[in-house]
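Q: Structure below; questions to follow.
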Amino acid sequence: MSSMSNVTLGYGALLTALGVGGFAATSAPTALIPAGFGVVAVGLGLVARQEKYRMHAMHASALLGVLGVLGSARGLSKLPALLSGGDVERPAAVIAQSLMAVLSAGYVVVCVRSFVAARRAAPSP
Numbered sequence: 072m073s074s075m076s077n078v079t080l081g082y083g084a085l086l087t088a089l090g091v092g093g094f095a096a097t098s099a100p101t102a103l104i105p106a107g108f109g110v111v112a113v114g115l116g117l118v119a120r121q122e123k124y125r126m127h128a129m130h131a132s133a134l135l136g137v138l139g140v141l142g143s144a145r146g147l148s149k150l151p152a153l154l155s156g157g158d159v160e161r162p163a164a165v166i167a168q169s170l171m172a173v174l175s176a177g178y179v180v181v182c183v184r185s186f187v188a189a190r191r192a193a194p195s196p
């Protein structure tokens, strides 16, 4: 079983928890967006446990991580103002977006490292 499939399952679980927790705290439907990404990541992590689908599922999950960074990075730009006590519109959204951006960026880094290691370990043609 691939350790990256387990990492993907963990990433998906964290995003799902972030989305559900954000929705529980705010009742805003958009707070569930991270949960949507999380459910897809969990599905890809499960598919990646099958050897014949692993490579495709892991590449798709890396793309999902990149989309997660791109879609939530704007929260990071507002985070310094929030942390310094400034007035920020929808502070819960800023926190959730920042968490999703950091989680997704970290996940993408782990994916790239895994891809490079797999490439180096592959037999030469």
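Take 72 as the starting number for the sequence shown in my numbering and just add one per residue.
In this text, a Cβ means the ideal position worked out from N, Cα and C, and glycines have one as well.
Just so we're clear, the structure is a prediction, and the values are computed from it rather than from any experiment.
1) So, using beta-carbon positions, are Ser148 and Met171 closer together than 8 Å?
2) Just checking my contact of Gly146 with Gly109 at CB under 8 Å: how many whole Å lie between their CB atoms?
3) Give a yes or no on contact between the segment 83-92 and the segment 162-178, applying the rule of three or more CB pairs nearer than 8 Å.
4) Indicate whether the contact test is met: 3 or more Cβ pairs, each with one atom in the segment 126-143 and one in the segment 154-165, closer than 8 Å.
5) Please state whether the Cβ-Cβ distance between Phe94 and Leu103 is less than 8 Å.
A: Result, derived from the coordinates:
1) On the sequence shown, position 77 is the one that residue 148 refers to. On the sequence shown, position 100 is the one that residue 171 refers to. It is not a contact, given that the beta carbons lie outside the stated cut-off.
2) Here the question's residue 146 lines up with position 75 in the sequence shown. Here the question's residue 109 lines up with position 38 in the sequence shown. At roughly 16 Å, the Cβ-Cβ gap does not stay under 8 Å, so Gly146 and Gly109 are not in contact.
3) As far as the Cβ criterion goes, the segment 83-92 touches the segment 162-178, which means the pair count is three or higher.
4) Result no; under three Cβ-Cβ pairs closer than 8 Å.
5) By 1-based counting over the sequence shown, the position of residue 94 is 23. By 1-based counting over the sequence shown, the position of residue 103 is 32. Yes, the Cβ-Cβ distance between Phe94 and Leu103 is below 8 Å.
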